[in-house]
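Have a look at the structure below, then the notes.
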Amino acid sequence: MNNNNNTTKKKKAKRLNFKERVTIEIYLREDNRISQIARKLERSYNCIKNELKRGTVEQIKQGKK
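Sequential numbering of the sequence shown, starting at 16, is according to the numbering used here.
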């Protein structure tokens with residue numbers, strides 16, 4: 016009996032590389048939704064959402080003392 020476990024190949028959970036980050040930025044400028052970007056990059060919605068959250072920093076002006 017031959018038992019082959021052929022399934023569709025899925026990306027392993029790993030960090031996004033620089034090329035994927037640039038691609039996300041381009042897709043966002045084209046007004047794509049996070050879910051659309053996730054499908055195009057074959058990543059989870061939360062992966063893209065967390066990456067955007069991680070890359071967004073709010074600048075706070077501090078008064079001089």
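Think of the CB as a built atom: it goes at the ideal place given N, C-alpha and C, for glycine as much as any other residue.
When we look at the beta-carbon of residue i and count the other beta-carbons within 10 Å, is it buried (16 or more) or exposed?
i     : result
Ile52 : buried
Ile75 : exposed
Ile63 : buried
On a Cα-Cα basis, can you pick out the residue from the options that is closest to residue i?
i     : options             : result
Asn61 : Lys55, Ser50, Thr71 : Ser50
Leu31 : Ser59, Arg48, Gln77 : Ser59
According to DSSP, is residue i part of a helix, a strand, or is it coil?
i     : result
Ser50 : helix
Asn32 : coil
Under the assumption that residue i contacts residue j (Cβ atoms under 8 Å), give the Cβ distance between them as a whole number of angstroms.
i     : j     : result
Leu56 : Thr38 : 7 Å
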